[in-house]
Each structure stands twice: as C-alpha cells, then as structure tokens.
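First the structure, in the form of structure tokens, and then the observations on it.
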Amino acid sequence: MKLKNFFLKGMLCTLLASGFVSCESDDDEKPWVEPVVTTGAYILNNGSWHGNNASLSYYDFETDQLTERVFANVNSKDLGDTAEDMLIYGSKMYITVTESNVVFVTDLSGKIINTIAPLDADSKPDLPRYLAAAGGKVYVTLYSGHVARIDTTSCNIEAKAKVGAFPEEIAVSNNKLFVANSGYGSGNTVSVIDLNKFEEEATAIEVRSNPMRIKANSQGDVYVISAGDFETIPSVLQKINVGTNKVDSITTASKMAINGSTIYVIDSQYLGKQEKTKLRTYNMKNNKVDDKSFIGSDGDLNIDEISCMSVNPANGDMYIFKSSYVANGDVYIYSSEGEFKKRFDTGGINPMGAFFLTSK
Amino acid sequence: MGLFYRIISLSIVLLAGTVFAQQNDSISIKQDIDNVEIVTSAKPNSIKAVSPLQVLTIETIEKIGIVSVSDAVRHFTGVMVRDYGGIGGLKTVSLRGFGAQHTAVSYDGITLNDAQAGMIDIGRFSLDNVSMLTLTHGQSDNIFQPARNFSSIGVLNIETRKPLFSNRRYEGKVRLGTGSFGLFTSSLDFSYKLNNKFALDVNGGWQRADGKYPYEMSNIIQVVEGKRINSDVDILRTEVNLYGNLSDSEKLQVKTYFYNSDMGVPGAVILRNPYSASRLNNRNFFTQIQYCKSFTDKFSYKPSVKYNYDYAKYTDDQSYGKTKDEFIQNELYVSNAFLYQLSKSFSISLAEDLAYSEMQNDSIKNNILKNPKRKTSLTSIASKFENERLTVTGSLFATYSQDKVVASQKSTYKRITPSLAMSYAILKGNKLRFRISYKDIFRIPSMTEAYCKQAGQPLKPEKARQLNTGLVLSTRLSETLDYLSVNVDAYWANVRDKIIIIPNGVLSSTSNKGKVRMSGFDTNINLNINLSEDMRILINGGYSFLEAIDITGSASTNKSYKDQIPYTPKHSGSASLSFDNPWVNFSYSLLASGKCYAKNQNLKENRVDGYTDHSISLAKELKLRSNKVSIQFSLLNILNKNYQIIKSYPMPGRSFRVTAGINF
Chain B
16 MKLKNFFLKG MLCTLLASGF VSCESDDDEK PWVEPVVTTG AYILNNGSWH GNNASLSYYD
76 FETDQLTERV FANVNSKDLG DTAEDMLIYG SKMYITVTES NVVFVTDLSG KIINTIAPLD
136 ADSKPDLPRY LAAAGGKVYV TLYSGHVARI DTTSCNIEAK AKVGAFPEEI AVSNNKLFVA
196 NSGYGSGNTV SVIDLNKFEE EATAIEVRSN PMRIKANSQG DVYVISAGDF ETIPSVLQKI
256 NVGTNKVDSI TTASKMAING STIYVIDSQY LGKQEKTKLR TYNMKNNKVD DKSFIGSDGD
316 LNIDEISCMS VNPANGDMYI FKSSYVANGD VYIYSSEGEF KKRFDTGGIN PMGAFFLTSK
Chain F
9 MGLFYRIISL SIVLLAGTVF AQQNDSISIK QDIDNVEIVT SAKPNSIKAV SPLQVLTIET
69 IEKIGIVSVS DAVRHFTGVM VRDYGGIGGL KTVSLRGFGA QHTAVSYDGI TLNDAQAGMI
129 DIGRFSLDNV SMLTLTHGQS DNIFQPARNF SSIGVLNIET RKPLFSNRRY EGKVRLGTGS
189 FGLFTSSLDF SYKLNNKFAL DVNGGWQRAD GKYPYEMSNI IQVVEGKRIN SDVDILRTEV
249 NLYGNLSDSE KLQVKTYFYN SDMGVPGAVI LRNPYSASRL NNRNFFTQIQ YCKSFTDKFS
309 YKPSVKYNYD YAKYTDDQSY GKTKDEFIQN ELYVSNAFLY QLSKSFSISL AEDLAYSEMQ
369 NDSIKNNILK NPKRKTSLTS IASKFENERL TVTGSLFATY SQDKVVASQK STYKRITPSL
429 AMSYAILKGN KLRFRISYKD IFRIPSMTEA YCKQAGQPLK PEKARQLNTG LVLSTRLSET
489 LDYLSVNVDA YWANVRDKII IIPNGVLSST SNKGKVRMSG FDTNINLNIN LSEDMRILIN
549 GGYSFLEAID ITGSASTNKS YKDQIPYTPK HSGSASLSFD NPWVNFSYSL LASGKCYAKN
609 QNLKENRVDG YTDHSISLAK ELKLRSNKVS IQFSLLNILN KNYQIIKSYP MPGRSFRVTA
669 GINF
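Heads up: the sequence lines are chains B and F, in that order.
For the first sequence, the working numbering begins at 16 and goes up steadily by one.
For the second sequence, the working numbering begins at 9 and goes up steadily by one.
Structure, rendered in structure tokens:
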C-alpha cells in the first residue's frame with residue numbers, strides 16, 4: 016500500500032510537471048487553422064477594360080447553383096468598370112471597382128449601403144485597388160499612391176496615408192499594414208504602416224522588382240510575390256521575416272493562395288516568351304517546397320490556362336479559375352485532396368477569385 | 009498647336025486666293041488659253057464593274073446633306089464604320105466582317121499606310137476638297153494601278169476635286185459654317201492655271217468644336233446620363249497640288265499634304281467616373297508624285313513616289329501622375345506600273361511596289377517595339393479582256409515583307425495569291441449584267457500585333473478569301489423615271505489564321521488560331537425621277553445582310569463558337585431622298601442598323617442595340633454674276649437618340665449645321 020501511494024504521488028508529480036512544460040510552449044503559437052463554416056462563395060468578375068461589364072456571381076453551397084449578376088439584380092445598377100478586389104468583413108462586404116473609381120460598401124446580399132468615390136486634392140480619381148481589414152477598419156490601396164482607412168460604422172474614408180507608387184495588394188500583420196508598391200513595374204519596396212500612427216514608416220522593406228501580391232498567414236508572417244519584368248527577371252515568392260524585415264526568396268511563383276499552413280503556388284512565367292505553367296505547394300511550418308501538382312489531371316483543365324485560385328477555409332476546396340479576356344471565365348472546383356468536383360461558367364469576363372461567406 | 013502657326017498657314021492660303029481673285033476677267037480674254045482640261049478624272053462605271061463598286065459623288069453627298077467622309081461611307085452597303093463618336097473620334101472602315109485592317113484606303117490613286125496599327129482613321133479626312141468616294145468589294149477593274157492598291161479585300165478610294173477652268177484662268181470656293189456643340193468650320197480652295205500645261209491648286213480647311221454633347225446611354229441595366237467632356241477638336245488641313253498636262257500622252261500630279269489636330273480623347277463613358285484628361289496631338293505630312301506616260305498607243309508607264317510622316321502624341325493627367333507617349337512613323341514608297349495593250353480588248357499590266365517603313369516608339373517599355381522597321385515588296389501581274397458585253401480580269405499578287413525589330417529578331421512574310429473576275433452583259437446595252445469574282449488575299453500583322461509583349465512568335469499573315477456573285481440592272485423606264493439601277497450581290501467569304509487573343513497564363517497571348525466564316529448579300533437601288541425641267545427627285549437605298557460567325561476551335565473549346573463576331577450587325581441599311589427644285593432643295597437621309605455584340609459571346613450583357621439615324625437638309629443656290637452662292641442647313645439625328653456604334657461611346661443626339669459658301 017505504501018509503495019502504491021508513492022507510485023501514485025510520483026505519477027501525479029510528473030504529470031503536473033509535464034503540464035507546466037507543455038503550457039509554456041503552447042503560449043507562442045497561434046492555431047494554423049481556425050474552424051469555420053462557409054455557406055457560399057461570391058465570384059468577382061473583373062469585366063473588360065472600359066467595357067462597364069464587371070459583375071458579381073454567387074455560388075450557393077446548399078442549392079449547388081451559381082447565380083449570375085447578383086449585384087445588378089439586388090441594386091438595379093451595374094457594378095461598373097474593372098472590379099478588382101472584394102472583402103467580406105463582419106456583416107458587410109467591400110468591393111473595389113478601379114476604373115469606375117468606387118469602393119462599394121454592401122450588406123452580405125450585395126445591397127449597397129454606401130458608395131465611396133475617392134478623389135485626390137485636385138479632384139482626380141484615386142483609383143482603388145485592394146482591400147485588407149483589422150480592428151473595425153477596412154484599408155484600401157489607391158493607385159494614386161495612398162492607403163485609405165474606411166471606418167466600418169460610418170462606411171466612409173476617414174484618413175489617407177501616403178505609400179509608394181501604384182500600390183497593389185495589402186496585408187495586415189502584428190498591428191501593421193504591409194503594402195506592395197508595384198511602381199507599375201518599376202517598384203521594389205513594401206511600405207509598412209503602424210495601425211495606430213497610420214503613417215508610412217521611414218524605411219520601406221526592399222524586395223525583388225515589381226511587388227504585386229502580398230498576404231499574411233495566421234502566424235503573422237508576410238509573403239510577397241514580385242512579378243519581375245516579363246523579359247529577364249522572373250516572378251518570385253518571398254517571405255518577409257516580420258521581426259527583422261529580412262527577405263528570403265522561396266520559389267518562382269506568379270499567384271498564390273494561403274490556407275492553413277500551406278501556400279498553393281501557381282507558377283506561370285513569361286520571360287520573353289510564355290513558359291509552361293507549374294503548380295506546387297509550400298509548407299510554411301517546415302519551410303519545404305513540394306513540386307507535386309496539387310490537382311489531378313481530370314476535369315480537363317489545361318494547366319497553362321489557369322489564371323488564379325482561391326481556397327475555401329472551411330474544407331480546403333480549391334477554386335481554380337480560367338480567364339479569357341474575350342469570353343466568360345470558368346471556375347473548376349477541386350477537393351482538398353485534388354479531386355475534381357465540378358465546373359461553372361463564372362457569369363462574367365476575367366474572374367478575380369472566390370470570396371467565401373461564413374455563417375455565424 | 010499654336011494659334012500663331014495656324015494663323016500663318018491659313019493666311020498663306022487666303023493670301024494666295026485674294027491676290028489671284030483680284031485679277032479681272034480681261035486677262036482671260038486677252039490670253040489665248042486653250043479650254044483644255046488639265047486634269048481628267050473619270051467616274052468609274054459601277055454597272056460594268058466585275059466586283060461590287062459603289063460611287064458617291066460630291067454632288068450627291070452635298071444634296072443628301074452628309075457632313076463628313078465617315079457619314080458618307082456609312083451610306084455604302086457591306087460596310088461597318090466603327091465610329092467612336094464626336095468629330096474627333098476614331099472612325100475605321102470594316103468591309104463585310106473582315107475587320108478594319110483588311111480595308112485599303114487610297115487618296116488620289118495612292119494608298120495610305122499605317123504599319124503600326126494596320127488601319128486608317130477616316131475621321132481625319134474632310135469633305136472640303138473631295139470630289140468622289142468609291143468603294144470596291146474585291147478587285148478593281150482598272151488593272152493599271154500601283155500594286156498596293158490590290159493588296160486588300162476591299163478598297164475605299166478618296167478622289168479630290170480637280171479644277172475645271174470653264175471660262176476663267178482661276179477658280180475656287182470659300183465655305184464657312186457653324187453648328188451645334190461649338191462647331192465652326194472654314195475652307196478655302198483656289199486653283200490657278202499657270203499656263204497651257206500646268207495648274208496649281210491650293211486648298212485648306214480649319215475646323216474646331218467643343219463637342220460637349222449631352223447623352224443618355226444605356227449600359228447593361230442602367231441608363232447613364234451625362235455630358236461628353238474633353239471632346240474638343242481643333243483640326244487644320246492644307247494641301248497644295250500641281251497638275252501637269254505635259255502632252256497628250258504625258259500627265260503629272262504632285263501633291264503635298266499637311267494635317268494637324270489637337271483634340272481631347274474622351275474615351276469610353278465609364279460608369280461613375282466622368283474624369284477624362286487624355287489629349288492627342290496628331291501631325292501628318294505627305295508628298296506624292298504620280299506621273300503617267302504612254303510611249304506608243306500600246307505601252308504606258310506610271311511611276312509613283314510617296315513620302316509619309318506621321319506623329320502622334322498622347323498625354324494624360326491622372327492622380328498617379330502625368331504621362332506622355334509619342335509615336336512616329338516614316339514611310340518611303342515607290343511604285344512602277346506598266347501597261348501593255350495587246351489589242352483593243354486585251355491588256356496586261358505589271359506593277360512593282362517597294363515600301364520602307366520605320367517606327368519610333370520611345371515611350372514603349374517593351375524594347376522590341378521601340379524602333380521596328382519593315383521592308384515590303386509587292387508585285388502584281390494582271391490581265392484584262394474587255395469588250396461591250398464581256399469583261400474578264402485575272403491577276404496574281406505576290407508579297408515579300410521583312411521586319412527588323414531588335415538585331416536578333418527578323419520576321420519574313422511571303423505569299424502569292426490569285427484573283428479572277430468576270431462581268432457579262434445578259435442584255436445588250438448593259439441593261440442587265442451578271443458578275444462573279446473571286447479574290448484570295450491576306451494581311452501582314454501590324455507592328456503592334458506582331459511585337460506586343462503577348463505576341464505568340466512568329467505570327468503569320470491573316471488569310472482572306474471572298475467569292476461574290478451579282479446581278480446589276482440599269483435602265484431608263486420613261487422620260488420621268490429616266491434612270492434606275494438595282495444591284496444584288498451575294499457573297500461567301502472566310503478569314504483563316506485570324507489573329508486573336510487566347511488565355512495563356514500570366515499574359516494572354518495573340519496567335520493565329522482564329523477562323524471566321526461570312527455569308528451575306530448587299531443590294532442597292534438608285535432611282536432618278538424627272539418631274540420637270542427644273543424639278544428632280546433622287547432616291548437611293550441600300551440594305552446589307554451579313555452572317556459572320558466565329559468558327560475558331562470547336563463548341564467544346566470556344567464559348568462563342570458560331571456566334572456572330574463582335575461589331576458586325578446582321579442587318580444594316582441606308583436610304584436617301586433628295587428633291588431638287590427652283591425654290592429650296594430638300595433632302596432626307598436615313599442610316600439604320602440592327603443589333604450587334606460588343607464581345608465574342610452573343611449574350612444579353614454584350615449587346616449593342618440597333619438604331620435609326622434620320623437627318624434632313626435644306627439647301628439654296630443662287631447665281632451672283634458668274635459666281636455661285638450657296639447656303640445649306642442640316643438637322644442631324646432628328647429623333648435625338650444617343651445610340652452606340654461602339655459600346656460605351658454614345659453618339660451625339662440632335663444637332664444642326666449651317667454652311668454658306670461662294671464658288672467663283
């Protein structure tokens with residue numbers, strides 16, 4: 016009996032001790048995947064340049080139907096010219112329509128709550144591009160070389176901060192904004208803006224030429240794709256180490272989609288002539304590139320025709336887009352294992368991606 | 009362009025006019041000037057023509073109240089004028105679904121060429137000095153022309169007015185006009201007979217407009233209202249011609265032409281963004297010399313030389329900065345044509361053209377397109393048999409063209425293509441003629457297509473083929489209905505290796521994968537009614553039906569398979585009626601078009617609605633001593649519809665024009 020007690024006490028102690036050890040290591044890592052349920056996906060169609068034919072389609076998961084032109088149906092107004100990006104944040108959606116110089120603030124069905132038309136000091140259109148959100152504010156890059164902050168209650172722009180030339184995508188990490196300054200091909204910096212000060216930091220981060228795509232993962236790491244010059248400089252995926260602002264090149268890539276701990280990479284290079292497209296994945300946990308394609312060969316999708324992709328955060332389904340500038344685009348939906356599920360005409364020209372509606 | 013420069017140019021023209029006009033008629037009585045026509049321009053015979061040939065003389069154009077070259081061309085059948093609206097807007101001519109790059113445009117017998125874009129903007133020509141516009145679908149009957157005149161599936165010829173000198177040593181005209189949206193037009197033409205052999209003609213025009221027209225434009229579901237801004241134009245054109253009638257068998261024409269325009273480029277109407285600040289300055293200068301000599305009554309030689317300079321500067325002022333893009337083109341063109349008349353009915357010709365084009369595009373980032381050069385050799389061998397009942401022509405056309413872009417990159421295009429045509433009088437006296445023609449031709453990719461970043465290297469020429477059959481009726485029914493002509497032409501055509509955009513990774517690329525098939529028919533009617541000695545009614549009408557479908561790839565790979573290609577309406581037509589009488593001449597004209605699609609897929613959201621455009625005109629002519637004074641009032645687009653020809657470019661609604669002039 017004495018031996019059993021001692022043994023039990025001993026086990027209790029070691030259990031308690033191991034409890035302390037594991038708590039310490041769990042404090043630093045945020046979860047890679049947050050559980051979420053999605054009910055449908057909006058697909059944003061860019062339209063043709065100066066064709067006034069941008070549109071929004073909605074794929075309802077329950078009915079398994081894609082409805083075209085939902086913005087026009089709900090508002091009795093056309094979306095406009097060259098829709099670039101969309102963001103679903105809280106109970107509202109934000110859509111940038113660049114050539115129409117508009118940011119629409121809508122409810123989750125697409126009905127307009129406010130129409131923002133940003134103008135600079137000389138009344139010239141600012142031309143909004145990409146969106147990001149944090150702390151009840153939505154941030155949008157403007158081609159005029161600024162980031163505007165939209166308050167989600169007033170649904171209006173309340174401040175602007177200057178960044179580099181022709182800013183494209185924008186990401187939020189560790190209470191800061193990271194902005195890709197493409198310079199219309201001649202830029203090579205990422206501007207950093209503290210969310211409280213809302214001012215560009217004196218030193219921008221230097222990256223490879225023509226940074227366009229930028230995304231943050233759940234851990235706060237920031238990834239940038241610099242598109243190069245289409246002649247000799249290739250398009251490359253880089254990682255910005257947020258503590259040191261040191262930049263590492265990871266692999267050649269032209270587009271990316273992040274889900275959990277994986278970056279899905281579309282690598283389509285044009286260096287004087289069009290190269291064949293390659294698909295690969297990058298594991299952010301162990302910093303390893305896997306050259307195996309993440310989709311199977313069924314569904315008769317010609318990989319060379321892939322333009323962009325989005326991933327459903329609820330189940331890892333991959334939405335792979337094919338874009339024709341003269342006819343409606345297509346979306347091919349694959350399971351997280353890479354098995355082809357179905358295909359839709361996106362209902363408009365040049366789809367920019369899928370934006371998932373989550374249920375509360 | 010500076011006010012100073014403009015005043016100087018117009019002053020030179022006006023000065024020349026006033027100096028000579030002050031000489032009184034006694035000079036022409038004293039000197040023994042032969043009433044020999046220094047320049048002859050024959051009106052082509054559209055009844056006998058082996059290919060559909062339509063003619064609009066300036067008399068008819070002015071009677072109908074047409075105000076621009078592009079509006080006149082819209083009255084032809086088998087034509088789609090892509091009009092971007094307003095006076096300064098781009099206007100290109102597409103024949104029977106082939107596309108604007110397949111249309112050749114010639115000015116007084118020598119073709120214009122734009123190696124950069126491959127198409128001609130007819131918006132830059134004015135009716136001020138035009139005497140005749142002709143349109144040929146296929147091969148022309150006249151085999152004695154420079155080879156480049158045969159290099160396209162169809163040709164629009166612009167002929168300028170030649171002096172007639174009926175009883176004086178000089179002649180001329182002055183015109184002043186005004187109209188809606190701040191329009192002001194002025195033109196002066198002065199011709200002087202230097203001696204028995206030579207005549208000099210100086211003409212020019214200046215026009216400006218605000219172009220701020222209100223519009224109501226239907227987009228997909230919304231109707232957008234606004235006023236066109238940044239649409240002002242300021243256009244100056246001057247031309248000097250020297251005509252030489254050196255002997256019965258020797259003729260010479262030397263022309264120098266200068267054009268300068270400053271205009272706003274309003275661009276498409278973009279939903280919710282009315283800002284427009286893009287400007288264009290365009291300068292064009294060319295000089296052309298054409299000489300013709302008959303050595304014996306069998307052998308003739310016609311050499312031509314042309315030098316052309318074109319400069320375009322686009323500027324813009326946006327929130328991200330100011331931009332400036334400059335494009336320069338230089339071309340030197342030499343043609344040698346020979347004609348040998350074997351017998352009264354049978355002749356053969358040989359023409360050899362050489363052209364050297366050089367472009368400068370310093371603002372383009374793509375190194376390849378910065379300074380491309382193109383050398384082209386065109387050869388045409390043709391033969392013709394012609395008597396009162398039968399005309400047969402046959403020809404072979406050979407092209408050899410070489411591009412040099414960067415030192416390492418050269419492209420070569422070579423091809424030989426045939427054409428064969430015939431016209432036969434079923435009834436004597438040309439009352440009823442049957443014609444059939446076949447033409448196989450191609451077009452070399454324009455510089456922009458061949459060397460833009462996305463070009464799939466190497467691009468091949470686009471091949472075009474057309475078979476046309478038709479019946480032409482022309483007769484005099486009675487003393488009242490003293491002229492009636494009707495023609496119906498049915499045609500089948502296709503374009504292979506059509507240059508299209510295909511999706512391909514990062515930058516979609518251009519390639520020759522396209523295929524289009526066309527079938528259609530054109531019909532025209534012209535009727536003269538003589539009510540009395542000084543009362544006449546002229547009726548013209550035309551209707552075109554065209555099915556031009558996309559047969560690229562297959563139904564499973566091409567979402568627009570068998571859809572009507574963009575900007576090609578199935579139905580289109582025109583009509584005009586003019587009533588000449590001793591009081592006030594009245595005319596009515598109609599342009600109509602069915603719907604078409606702005607993009608490849610024939611979907612509702614891509615549709616451009618059809619339209620009707622009605623206009624009326626009143627004109628009065630008076631004789632003042634031996635001069636003629638005229639005044640004309642036109643009301644255009646009476647129903648005030650801002651229809652679109654190109655999607656998102658609304659046309660002006662109702663507008664008026666008043667012109668007054670003196671012919672002396």
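Backbone N, C-alpha and C define an ideal beta-carbon position, used for all residues, glycine too.
- Within chain F, Tyr328, Gly329 have C-beta atoms less than 9 Å from the C-beta of Ala180/B, given in sequence order.
- Per the Cβ contact rule, the segment 571-579 of chain F is in contact with the segment 542-558 of chain F (3 or more Cβ pairs under 8 Å).
- For Phe86/B, the enclosing alpha helix (DSSP H) has its first and last residue at 85-90.
- Counting C-beta pairs closer than 8 Å gives fewer than three between the segment 182-198 of chain F and the segment 155-163 of chain F, which falls short of the contact rule.
- Shown here, Ala163/B sits in a strand according to DSSP, grouped into three states.
- In the three-state reduction of the DSSP assignment, Leu279/F falls in the coil class, being assigned neither a helical nor a strand state.
- For chain B, the residues of the segment 207-234 of chain F that bring a beta carbon within less than 9 Å of one of its beta carbons are Asn227, Ile228, Ile229, Gln230, Val232, in chain order.
- Burial is judged here by how many other beta carbons sit within 10 angstroms of a residue's own beta carbon; Ile654/F has at least 16 and is buried.
- Pro590/F counts as exposed, since fewer than 16 other C-beta atoms from the protein chains shown sit within 10 angstroms of its C-beta.
- Taken through DSSP and simplified to helix, strand or coil, Ala472/F comes out as strand.
- For Ile72/F, the enclosing alpha helix (DSSP H) has its first and last residue at 66-72.
- Between Ala112/F and Arg90/F, the CB-CB gap reaches or exceeds 8 Å.
- Note that the segment 218-227 of chain F does not touch the segment 197-206 of chain F; fewer than 3 beta-carbon pairs, one per stretch, sit closer than 8 Å.
- Within chain F, the residues whose beta carbon sits less than 8 Å from that of Glu114/B are Ile278, Asn281, listed in sequence order.
- For Asp91/F, there is no enclosing alpha helix (DSSP H); the residue is found in the beta strand (DSSP E) stretching over 87-91.
- Ala98/B is outside the set of residues whose beta carbon lies under 8 Å from a beta carbon in chain F.
- Listed by position along chain F, the residues whose Cβ is nearer than 7 Å to that of Gly95/B are Leu279, Arg280.
- Not flagged as an interface residue toward chain F: Gly150/B, since no C-beta distance is shorter than 8 Å.
- Assigned with DSSP and collapsed to three states, Arg132/F falls in helix.
- Taking a contact as a CB-CB distance under 8 Å, the pair Ile131/B and Ile172/B counts as one, their CB atoms being some 6 Å apart.
- DSSP, read as helix, strand or coil, puts Ile318/B in helix.
- Taking a Cβ-Cβ threshold of 9 Å, none of the residues of chain B is close to Asn369/F; the smallest such distance is about 16 Å.
- Distances from the CA of Lys567/F to each of Ala342/B, Ser70/B, Gln284/B, Gln253/B were compared; the closest alpha carbon is that of Ala342/B.
- The continuous beta strand (DSSP E) containing Thr296/B extends over residues 293-298.
- Within its own chain, the residues whose Cβ lies closer than 6 Å to the Cβ of Ser391/F, once the five positions on either side in sequence are excluded, are Ile356, Gly402, listed in chain order.
- Pairing Met88/F with Tyr446/F, the inter-Cα distance amounts to about 21 Å.
- Ser78/F carries a helical assignment under DSSP once its states are collapsed to helix, strand and coil.
- Taken through DSSP and simplified to helix, strand or coil, Ala108/F comes out as helix.
- For the set Asp411/F, Asn395/F, Asp542/F, Phe173/F, the Cα lying nearest the Cα of Asp588/F is the one of Asp542/F.
- About 12 Å separates the Cβ atoms of Ser343/F and Thr384/F, ruling out a contact at the 8 Å cut-off.
- Secondary-structure assignment with DSSP links Tyr459/F through no beta bridge to anything.
- Taking a C-beta cut-off of 7 Å against chain B, the contacting residues of the segment 549-583 of chain F are Lys567, Ser568, listed in chain order.
- From the listed residues Asp270/F, Thr387/F, Tyr499/F, the smallest Cα separation to Ala406/F is found for Thr387/F.
- Here DSSP, grouped into helix, strand and coil, assigns Ala155/F to helix.
- For the segment 602-635 of chain F, the beta-carbon criterion of a distance under 9 Å to any beta-carbon of chain B is satisfied by Ala606, Lys607, Asn608, Gln609, Leu611, Glu613, Asn614.
- About 6 Å separates the beta carbons of Asn116/B and Leu142/B, which is inside the 8 Å limit, making them a contact pair.
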